[in-house]
Amino acid sequence: MWTDHCLQTGDSGFPPSLMTASTDIVVQKGMNQYVDAYSAFMDNTKTLKTTLDTTLQSLGIDTIYVAGIATDVCVRWTVEDALTFGNYDVKVITDATEAVLGSEANFDSALAAMVSAGATSLTAADVLAMECPQETSGSTRLAAAGALLAAAALLSPAGQ
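Dropping the structure here:
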């Protein structure tokens, strides 16, 4: 369906300008080259899960903030899987995501479906205006009480 992109032998790396730390957690998706993997949680057959759900649960994260491309594909599948299989409180950062080919109709339709499924839509300004949670019970919560999932930045070895 798509041209090959985010190949481990090609353009799947992070740009040099992105500041990273050795403690950063990178979740790979699309590990089966014969099955598309739009969601950050699992492949499209719903049989091969990534480590994302286990990682979030082990960190005590119950709220996730989703951004990335494409709103109508990877972001939508990630949000739907988070709501269906992970039972997370899901926030979609609307001005930090874009539909395929910039289609406003596809963006609006995908956002409406995600909100109808139980996600909340907000803007980057809304997130930045939130008070960061403090340490509780000896465990640190990630920024804004959740994890930011950049669906487009999750690495895929095959044309996912």
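Take the sequence shown: its letter number 90 is residue 123 in our numbering, and every next letter is one higher.
By construction, the Cβ of each residue, glycine as well, lies at the ideal position given by its N, Cα and C atoms.
>> Can you give me the C-alpha to C-alpha distance between Gln-66 and Asp-76, rounded to a whole angstrom?
In response: Against the sequence shown, residue 66 aligns to sequence position 33. Against the sequence shown, residue 76 aligns to sequence position 43. Using only the alpha carbons, I get a separation of about 11 Å.
>> Please report the straight-line C-alpha distance between Ala-145 and Glu-131, rounded to a whole angstrom.
In response: For the purposes of this step, residue 145 is taken as residue 112 along the sequence shown, with counting starting at 1. For the purposes of this step, residue 131 is taken as residue 98 along the sequence shown, with counting starting at 1. Each residue's Cα considered, the two are about 14 Å apart.
> Roughly how far, in whole angstroms, is the beta-carbon of Phe-74 from the beta-carbon of Leu-85, given that I think they are within contact range, below 8 Å?
Replying inline: As a first step, residue 74 must be located in the sequence shown, where it is residue number 41. As a first step, residue 85 must be located in the sequence shown, where it is residue number 52. Right, their Cβ atoms sit about 5 Å apart.
> DSSP on Ser-93, reduced to helix/strand/coil?
Replying inline: The count along the sequence shown starts at 1 and reaches residue 93 at position 60. One point to set straight first is that residue 93 is Gly, not Ser, in the sequence displayed. In this structure, Gly-93 counts as coil in the three-state DSSP scheme.
>> Quick check on the DSSP output: the alpha helix (DSSP H) that includes Val-123 runs from which residue to which?
In response: For the purposes of this step, residue 123 is identified with residue 90 of the sequence shown, where counting begins at 1. Here Val-123 belongs to no alpha helix (DSSP H); instead the beta strand (DSSP E) covers 122–131.
> DSSP on Val-99, reduced to helix/strand/coil?
Replying inline: Translated into the one-based positions of the sequence shown, residue 99 becomes position 66. In the structure shown, Val-99 sits in a strand (DSSP, three-state: E or B).
> Span of the beta strand (DSSP E) holding Thr-153?
Replying inline: Within the sequence shown, residue 153 is the residue found at index 120, counting from 1. That run of the beta strand (DSSP E) goes 153–155.
> Can you give the beta carbon distance from Val-108 to Lys-124, rounded, assuming they're within the 8 Å contact cut?
Replying inline: Residue numbering aside, residue 108 sits at position 75 when the sequence shown is read from its first letter. Residue numbering aside, residue 124 sits at position 91 when the sequence shown is read from its first letter. Actually they do not touch by this definition, with Cβ atoms about 12 Å apart.
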